[in-house]
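A.B. asks: Got a structure for you, questions after.
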Amino acid sequence: MNPKIERSVYIVVILVLAFVLFTLGKKEVELKKQIPITAEELYKKLSNPKIKVQIIDVRELTSSDEVGGYEDSRIPGALPFPNCDESKMTTENLKEALKRINPYVYTVIVSTDGNQEIFKKCASKFTNVQNLAGGMKAWQDAGLPDESGEYTPPKAGGGGGCL
-2 MNPKIERSVY IVVILVLAFV LFTLGKKEVE LKKQIPITAE ELYKKLSNPK IKVQIIDVRE
58 LTSSDEVGGY EDSRIPGALP FPNCDESKMT TENLKEALKR INPYVYTVIV STDGNQEIFK
118 KCASKFTNVQ NLAGGMKAWQ DAGLPDESGE YTPPKAGGGG GCL
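Residue numbering for the sequence shown follows this note's numbering, starting at -2 and increasing by one per position.
In structure tokens, the structure reads:
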């Protein structure tokens, strides 16, 4: 076989395989989006330092319901993003939280009860996202650790290196 034709065939095969892999990866992400993650599964992922997970809490900052708002009880490390509405990010701390939100990192959306409407609204802002099944209520019912108080951005330079 002519070397130029053989090379062209290899290139076409590689391009077709790359397209198939890309399409399958995109479908997997879309399917994963439809399956909510349980509180226990999320806790296991958060406990594994090799897995990068971003938690976005879409509840109001304070609430009078039994679960409460973001400042009353939240998953440790969760970033506040009330109703996925940037116009609600008014204080300096909330504006800092908005800057820390990365749309390309695996993200879990936390509402009060796993609300699908708010999840769909937020899901469009992230490339790889899942809903917390049962929301913050499920997290609390499972007895998993939480924190409370106003969001404060992490301090810069907390490294502790040897230099």
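Glycine included, every Cβ here is placed at the ideal spot set by N, Cα and C.
Note that this is a predicted model, so its numbers are computed, not measured.
(1) Check whether the stretch 45 to 60 touches the stretch 12 to 32, counting contact only when three or more Cβ pairs, one atom from each stretch, lie closer than 8 Å.
(2) Within its chain, find whatever has a CB closer than 8 Å to the CB of K96; leave out the 5 residues flanking it on each side and keep chain order.
(3) Return the residue from the list T109, P33, K29, P73 that minimises the CA-CA distance to G66.
(4) Which term fits R71, buried or exposed, when burial requires 16 or more other beta carbons within 10 angstroms of its beta carbon?
(5) Contact defined as beta carbons within less than 8 Å: I believe I34 pairs with Q127. What is the distance between those atoms, to the nearest angstrom?
(6) In whole angstroms, what is the alpha-carbon distance linking K152 and E38?
(7) Quick one: what does DSSP say L34 is sitting in, helix, strand or coil?
(8) Since E115 contacts I53 with CB under 8 Å, what's their CB separation in whole angstroms?
(9) Could you give the distance in angstroms between the alpha-carbon of M133 and the alpha-carbon of L14?
(10) From E89 to D138, what does the alpha carbon distance come to, in whole angstroms?
(11) In or out: G111 buried (at least 16 other Cβ within 10 Å) or exposed?
(12) Per DSSP, V105 is paired with what?
(13) Going by DSSP, which residues form a beta bridge with E144?
(14) Around the Cβ of L12, are there at least 16 other Cβ atoms within 10 angstroms (buried) or fewer (exposed)?
(15) Under a Cβ-count criterion, where at least 16 other Cβ atoms within 10 Å of its own Cβ denotes burial, should R4 be classed as buried or exposed?
C.D. replies: On the basis of the supplied data:
(1) no
(2) none
(3) T109
(4) Counting Cβ neighbours within 10 Å, R71 comes out buried, since at least 16 surround it.
(5) 5 Å
(6) 29 Å
(7) The sequence as given places Ile at residue 34; Leu does not occur at that position. If DSSP states are grouped into helix, strand and coil, I34 belongs with the strands.
(8) Going by the sequence as given, residue 115 is Ile instead of Glu. At roughly 11 Å, the Cβ-Cβ gap does not stay under 8 Å, so I115 and I53 are not in contact.
(9) 42 Å
(10) 32 Å
(11) buried
(12) I52, Q127
(13) R71
(14) exposed
(15) R4 is classed as exposed because its beta carbon has fewer than 16 other beta carbons within 10 Å across all chains shown.
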